[in-house]
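Residues 30 to 230 (our numbering) make up the sequence shown, in order.
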Amino acid sequence: MTLILIIITVLASVSAFYNPTVFDKLKFSPYRTSHQKEVWRLFTYGFIHADWIHLGVNMLVLFSFGTLVSTYFEFFFPGKEIFYYLLLYLGGIFISAAPAFGKHKENPYYNSIGASGAVSAIVFSSIVFDPMNKIYLFFIPIGIPAIIFGVLYLIYSAYMDKKGSDNIGHDAHFWGGIYGFALTIVLKPDLFIRFLQQIFG
């Protein structure tokens with residue numbers, strides 16, 4: 030399923046790169062979603078990106094963590110793993126758009142794109158399963174335990190969202206992560222006990 034989502038996203042993004050009409054039709058515009066009832070934008074924006082770097086980073090992270098989460102879902106949710114995985118990913122896209130929709134539905138100039146919120150949901154789902162897994166960043170040569178990375182990531186995202194000094198949807202990153210963590214536990218509450226045991230056991 031991870032590879033299918035990557036293929037769909039790459040195809041949609043490349044199409045949007047070279048066709049402004051496609052880009053305009055799929056991007057998330059809270060104003061148009063609210064006033065013109067174009068509700069599909071709450072999902073389609075997650076499949077297009079600003080440029081090759083934006084696309085490449087998101088798809089690399091999705092591949093790295095998505096394949097891991099898929100394996101865990103197959104083990105813990107046999108027979109339901111595909112449905113739950115799509116619920117995690119597509120739900121991450123939707124939930125990540127909710128804060129921007131609330132804040133900008135009267136602003137016709139606000140738009141957003143990218144799979145970052147859904148990818149955050151995947152990353153934080155993986156943290157539930159393996160909180161002590163080492164995460165390696167491009168500029169740090171040593172692995173950071175996933176739980177520490179997760180906490181720092183949420184703090185950073187909340188701070189940068191409040192600061193509002195760049196053109197990045199930090200609120201999408203934050204709420205995507207929260208959603209991914211919470212949904213995974215809701216689907217199987219015993220995983221939270223397992224999560225704590227791995228940290229403190």
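Built from N, CA and C at the ideal position, the CB exists for glycine as well.
All values derive from a computational prediction rather than experimental measurement.
Nearest-angstrom Cα separation, counted from residue j out to residue i
i, j, result
"Pro259", "Gln65", "Outside the modelled stretch of the chain, which goes from 30 to 230, sits residue 259, for which no answer is possible."
"Asn48", "Ile228", "48 Å"
"Leu32", "Ser125", "22 Å"
"Gly95", "Lys192", "30 Å"
"Val98", "Leu116", "13 Å"
"Asn162", "Ile156", "8 Å"
"Ile37", "Gly209", "21 Å"
"Phe46", "His78", "8 Å"
"Val39", "Leu84", "7 Å"
"Pro174", "Thr50", "43 Å"
"Lys54", "Ile222", "44 Å"
"Gly206", "Val152", "7 Å"
"Leu220", "Arg61", "40 Å"
"Ala129", "Ala41", "22 Å"
"Ile82", "Ile122", "19 Å"
"Gly179", "Tyr188", "14 Å"
Per DSSP, cross-strand counterpart(s) of residue i
i, result
"Pro174", "Lys163"
"Ser141", "Phe57"
Endpoints, the alpha helix (DSSP H) within which residue i is located
i, result
"Met88", "Trp81 to Phe105"
"Ser58", "Looking at the DSSP string, Ser58 is not in any alpha helix (DSSP H), and its letter there is neither H nor E."
"Tyr74", "No alpha helix (DSSP H) holds Tyr74; DSSP gives it neither H nor E."
"Val215", "His199 to Leu216"
"Gly120", "Glu110 to His133"
"Val39", "Thr31 to Tyr47"
"Gln226", "Asp219 to Phe229"
Residue from the options with nearest C-alpha to residue i
i, options, result
"Ala150", "Glu135, Tyr182 and Asn162", "Tyr182"
"Trp69", "His78, Phe57, Ala79 and Phe221", "Phe57"
"Leu34", "Thr100, Trp81 and Val148", "Val148"
"Ile214", "Gly230, Phe178, Gly205 and Ser154", "Ser154"
"Asn140", "Leu40, Gly75 and Leu225", "Gly75"
"Gly143", "Lys109, Leu166 and Val86", "Val86"
"Ser145", "Val90, Phe112 and Pro128", "Val90"
"Ser63", "Ala127, Ser44 and Asp80", "Ala127"
"Gln226", "Met189, Ile176 and Ile122", "Ile176"
"Lys109", "Met189, Ile197, Met30 and Asp190", "Met30"
8 Å Cβ shell around residue i - same chain, five flanking residues per side excluded
i, result
"Leu212", "Leu116, Leu117, Gly120, Ala150 and Ser154"
Cβ neighbours of residue i in the same chain (closer than 6 Å, five flanking residues each side left out)
i, result
"Ser186", "His199, His202 and Phe203"
"Phe158", "Tyr101"
Same chain, Cβ closer than 7 Å to residue i, neighbours up to 5 away in sequence not counted
i, result
"Phe224", "Val157 and Pro160"
"Met88", "Ile35, Thr38 and Val39"
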